[in-house]
Structures are given as C-alpha cells and as structure tokens.
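Structure, as structure tokens:
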Amino acid sequence: MIFVALLHAVNLGARRKVPMADLRALLTGLRLAEVRTYIQSGNAVFSADPETDLRGRLEAALEAQFGFPVPMTLRTAHEWREAARGCPAHLRDEAVVVAFLRDPPDPGRVEALRGRDVTPERWEVVGQQLYQTVPEGIRNLRLSAAVIERHLGVKVTVRNERTVQTIAAMLDT
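Position 47 of the sequence shown, counted from 1, bears residue number 47 in full-length UniProt numbering, the numbering being contiguous throughout.
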C-alpha cells in the first residue's frame, strides 16, 4: 500500500532539522519501499504493508534518530487523492492551503470554531482536511495551525495547494 507521510513543524528554523536525505535513509532502513520525499518541509511517499500502528512506529524512529518528537500525519494514496480533489468549489476563487488533521475532528468542536471570526479568510472541513483561503498570505493567517489545533483538539500540519497537487502527481509515477 502507498502512504503519504507529513512531518509536522520540521525544517522551519534553526531547530527541528530533518534533512530529507536522512529521512529517506531512515524510512528505507525501516523496510519501507519506494521512498521519495518532496521539498524540505517533511513530505514522504512510500510503500509499506498496512500495520496497526505504522504512524507510532515511524514517530518513535524519527524521535530516536533526530532527538526530538516529530508528530506525523499519514494518508493512504487513496485518501491523498481525495484530499487533492476535495477543496470545496466556493473556496477555489482564491489561493488555498490544506490543514491536514491528524485525527478526525469532533463535529461539535468544528461548529464551535465556526463562531470564530477569521474574516477575510474562509474555510471548510471536509473529512480530515481543513481547506482555507489565504487572502493575506500564509504568514498572516488568523486561522493558523496553532489556532486550529487548540480549537479542534487535534494535531495539524499545513501544506499549500501546489504541494498537495505535486504529491498527488507523485503517486501516479
């Protein structure tokens, strides 16, 4: 089965460095096949046999290798393709980022988040993704990853639309 792994908050500054060559070597050493990475923000595509706690095994190996916890979001190739196609039409008139939720959000918490005014941004949760417009640029988001995590109670990692679509294309090659 093909998986996409998204590492949370790596390579953003001087700390929490995870070189992609080292990530590929680590994943290959864990007997994952066809390991590929995309850009320096911690995106990996690989083949593996499905197992009960693949994410936990990978997170433990990452922490042992790099010396700090590295939360990870996993999607199957099928789930990734759905996410790549899943942006609601009413958001597509602007630049969009996708916040990948590590776990399913509680519907009550999603509704509570709707009460937060993040104008001019618009957003929608579809499955385990939060699609969000970025009219003032990603650095100026009012609905940041930290705000999403705090309100929804799940770990989040954000990728821009170009990254999402590029990884989807990688799945077909």
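By construction, the Cβ of each residue, glycine as well, lies at the ideal position given by its N, Cα and C atoms.
query	result
Decide if His8 is buried, meaning its Cβ has at least 16 other Cβ atoms within 10 Å, or exposed.	buried
Answer with yes or no whether the minimum CB distance from Arg162 to chain D is below 8 Å.	Among the chains of the structure shown, chain D does not appear; only one protein chain is present.
Out of Asp22, Arg139, Asp103, which has the shortest C-alpha to C-alpha gap to Lys155?	Asp103
Residue range of the alpha helix (DSSP H) that Met20 falls in?	20-29
Compute the distance between the beta-carbons of Glu161 and Thr133, then report whether it is under 8 Å.	no
Quick one: any contact between the segment 139-158 and the segment 22-40, if contact means 3 or more CB pairs under 8 Å?	no
Taking only three categories from DSSP, how would you classify Met1?	coil
Check the DSSP bridge columns for Glu124 and list the partner residues they point to.	Tyr131
In the DSSP assignment, find the beta strand (DSSP E) that holds Val118 and state where it starts and stops.	Where Val118 is concerned, there is no enclosing beta strand (DSSP E), given that its DSSP letter is neither H nor E.
Based on the DSSP output, what are the partners of Leu143 in its beta bridges?	BP columns for Leu143 are empty, so no partner.
Could you say which of Gly108, Leu141, Asp106 lies nearest to Trp123 if we only look at CA atoms?	Leu141
Whole angstroms is fine: what's the gap from Asp53's alpha carbon to Leu62's?	14 Å
Which residue marks the beginning of the alpha helix (DSSP H) containing Ala83, and which one marks its end?	77-85
DSSP beta-bridge partners for Arg156?	According to the sequence displayed, residue 156 carries Val and not Arg. Leu101.
Please report the straight-line C-alpha distance between Pro50 and Val97, rounded to a whole angstrom.	28 Å
Which same chain residues, not among the five before or five after Pro105, have their C-beta less than 7 Å away from its C-beta?	Val125, Leu152, Val154
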